[in-house]
Structure formats: C-alpha cells, structure tokens
Amino acid sequence: FCELAALKGLRGHPCVAPLLTEYSSSSSDPFGGMGNSLSLAFPYCPADLADVIKQRLASPRKGSMIPDNIIKALARDILLAVGHCHKHGVLHRDVKPANLLLNPHGRVQIADFGLAKAAPHILPESKLNDQSCENPLGVSRVSTEDTDVTMTHALCTLHYRPPETLLGSTRYGPSVDIWAVGLVLAELLSLRPLFPGRNVFDQTGRIFALLGTPSETNWPDARKLPDYAKVEFVP
Numbered sequence: 001f002c003e004l005a006a007l008k009g010l011r012g013h014p015c016v017a018p019l020l021t022e023y024s025s026s027s028s029d030p031f032g033g034m035g036n037s038l039s040l041a042f043p044y045c046p047a048d049l050a051d052v053i054k055q056r057l058a059s060p061r062k063g064s065m066i067p068d069n070i071i072k073a074l075a076r077d078i079l080l081a082v083g084h085c086h087k088h089g090v091l092h093r094d095v096k097p098a099n100l101l102l103n104p105h106g107r108v109q110i111a112d113f114g115l116a117k118a119a120p121h122i123l124p125e126s127k128l129n130d131q132s133c134e135n136p137l138g139v140s141r142v143s144t145e146d147t148d149v150t151m152t153h154a155l156c157t158l159h160y161r162p163p164e165t166l167l168g169s170t171r172y173g174p175s176v177d178i179w180a181v182g183l184v185l186a187e188l189l190s191l192r193p194l195f196p197g198r199n200v201f202d203q204t205g206r207i208f209a210l211l212g213t214p215s216e217t218n219w220p221d222a223r224k225l226p227d228y229a230k231v232e233f234v235p
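Residue numbers (the UniProt record's numbering): 1 to 235.
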C-alpha cells in the first residue's frame with residue numbers, strides 16, 4: 001500500500017486532492033547508483049491551512065482571528081475528507097494544517113498520503129463482503145475478529161499525535177485521525193498549537209496536564225501500552 005494507491009482509491013471526492021497524473025523517472029542516488037522516482041501531479045492550490053494561520057499571526061491588526069463562520073466551513077470540509085478516507089478503509093495518519101490545502105474556490109482538500117495506511121479493520125464486515133459497496137482499494141479483513149491491526153507508532157507530526165501512540169501503541173484505528181482533526185480545529189481557533197511539545201515526553205505531559213492523567217476509571221487499558229511505565233503520572 002502506498003500514497004499512489006490511496007490517491008487512486010479516494011479520487012473523486014471534492015475534499016481530497018485530485019491526482020492528475022503520475023510518472024516515473026530514473027535518477028542517481030548519493031552513492032552513484034541509479035534509482036526510480038515517482039512524481040505525482042496535482043492542480044495548483046494557492047495555500048494550505050498552515051499558511052492561513054501564519055498570515056493571521058503576521059497581520060498588523062491585533063486579534064485578527066479567523067471568523068467563526070469560516071472555521072465552521074473549514075471544519076466541515078476537513079471532516080468530510082477524513083470521513084471519506086475512513087469510509088474506504090484508509091487511515092491518513094498525518095492530518096495537520098500543512099496537509100490541508102485550500103483550492104482556488106476556498107474548499108479544503110486533504111493531501112500528502114505518504115504515511116497513509118490501508119486499514120481493513122475499520123470497514124464494516126458487510127462492506128468487505130458486498131461487492132456493490134464502496135471498497136475501491138480492495139482491502140480485506142485478515143480475521144472477522146480483528147478490531148485493529150499492528151502499525152508503526154512513529155506516525156504524524158508530534159503536535160498532532162494521539163496519546164495512545166505517544167505511549168507506544170501500534171494498534172489503533174480512526175481515532176488517530178480524529179484526534180488530529182480536533183487539534184487542527186483548536187489551532188484554527190487560537191492560531192497556536194494546543195500541545196506544542198518539544199519531544200514525546202513533553203508532548204505527553206502537556207496532554208495529561210490539560211486533560212488529566214490516565215487511571216483505571218478513565219483509561220483502563222493505558223497501563224497495557226508499551227511505554228506506559230516510562231512515564232511518571234502525577235494525579
């Protein structure tokens with residue numbers, strides 16, 4: 001599974017960056033060898049949401065926040081884009097302002113599927129078995145008992161990474177993208193990252209300082225995560 005497969009499987013949605021064409025070429029590597037590279041072509045988008053935030057911060061008008069009605073429209077497009085990915089069994093795994101493009105008409109289009117992962121476990125079983133249902137990527141569940149699959153925990157930009165992956169989890173689902181969407185919306189409202197951690201431990205600490213530390217009541221499975229014991233939790 002690769003970026004190209006994701007783009008082809010998700011094409012046609014107004015909130016997904018449309019792939020125009022792809023072509024391969026030969027290029028030399030730093031060691032004097034030859035390798036093949038793949039180039040992808042997309043329509044021009046004048047900005048992304050990271051640009052919008054930077055422009056607002058640089059505005060000479062103090063308190064030049066993004067109007068609420070615009071944030072609502074952006075939120076709708078972001079959720080439509082992520083929902084489309086999940087509906088087709090794809091986790092984007094790198095949702096952040098820089099990967100949310102604005103097309104010339106002001107619509108958000110999700111881009112950069114370099115970390116995307118086919119996730120058959122997030123598709124209802126009926127969709128996997130019914131050929132008439134939307135499953136253009138042709139993903140299939142390994143077992144009908146699977147609710148998640150093993151993946152890497154080194155995903156997405158640190159500021160948008162969910163707590164379970166910060167604690168080493170390699171088994172996760174759509175929540176990794178939904179968490180990132182929430183942080184993007186918070187950043188659009190404040191023009192600042194909600195959790196601007198310097199490293200994994202700082203990021204984890206900032207999240208728990210604001211939202212509370214894990215306990216048997218609010219997160220009973222947290223202590224099962226690989227890196228749980230590496231963090232000292234202060235009630």
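Every residue, glycine too, gets a C-beta built ideally from N, C-alpha and C.
Item	Value
Take tyrosine 228 and list the residues in its own chain whose beta-carbon comes closer than 7 Å to its own, dropping the five residues that flank it on each side.	Leu167, Ala222
Evaluate contact between the segment 15-24 and the segment 69-87, counting only Cβ atoms and requiring at least three cross-stretch pairs below 8 Å.	yes
Quick one: is glutamate 216 buried, meaning 16 or more other Cβ sit within 10 Å of its Cβ, or exposed?	exposed
Give every residue of the same chain whose Cβ lies closer than 6 Å to the Cβ of valine 200, excluding the five residues on either side of it in the sequence, and list them in chain order.	Leu166
Excluding the 5 residues flanking serine 37 on each side, which residues of the same chain have their C-beta closer than 8 Å to its C-beta?	Ser24, Ser25, Ser26, Ser27
Taking the Cβ atom as the reference point for each residue, do leucine 188 and isoleucine 66 lie within a distance shorter than 8 Å?	yes
Given that a residue counts as buried once 16 or more other Cβ atoms are within 10 Å of its Cβ, and exposed if not, what is glycine 106?	exposed
Of all the options Ala47, Lys8, Ala209, Gly114, which has the alpha carbon lying nearest to the alpha carbon of leucine 102?	Ala47
Would you kindly work out how many angstroms separate the C-alpha atoms of leucine 123 and arginine 61, rounded to a whole number?	47 Å
List the residues that DSSP assigns as beta-bridge partners of asparagine 36.	Ser26
If we ignore side chains and look at the alpha-carbon of each, how far apart do isoleucine 53 and leucine 191 end up?	6 Å
Check whether the Cβ atoms of proline 120 and valine 184 lie closer than 8 Å to each other.	no
Please find out if some non-hydrogen atom of the ligand COA comes closer than 7 Å to the beta-carbon of lysine 54.	This structure does not include the ligand COA; it has no bound ligands of any sort.
Pull up the distance between the alpha-carbon of alanine 6 and that of aspartate 68, whole angstroms please.	32 Å
Specify the secondary structure class of arginine 198 as computed by DSSP and reduced to three states.	coil
Reducing DSSP to helix, strand and coil, say where leucine 225 ends up.	coil
Rounded to whole angstroms, what is the Cα-Cα separation between glycine 9 and phenylalanine 42?	15 Å
Does the Cβ-Cβ distance between leucine 155 and arginine 93 come in under 8 Å?	yes
Helix, strand or coil, according to DSSP, for aspartate 48 in the structure here?	strand
Report buried or exposed for glutamate 164, applying the criterion of at least 16 other Cβ atoms within 10 angstroms of its Cβ.	buried
Checking the sheet assignment: what are the DSSP bridge partners for lysine 117?	Leu91
On a Cα-Cα basis, can you pick out the residue from Glu3, Val231, Lys230 that is closest to glycine 114?	Glu3
Quick one: give me the first and last residue of the beta strand (DSSP E) that isoleucine 110 is part of.	108-110
Using a Cβ-Cβ cutoff of less than 8 Å, which residues in the same chain neighbour leucine 158 once the five nearest sequence positions on both sides are dropped?	Gly197, Asn199, Val200, Gln203
Whose C-alpha, out of Pro174, Leu20, Leu210, Ile70, is nearest the C-alpha of histidine 84?	Pro174
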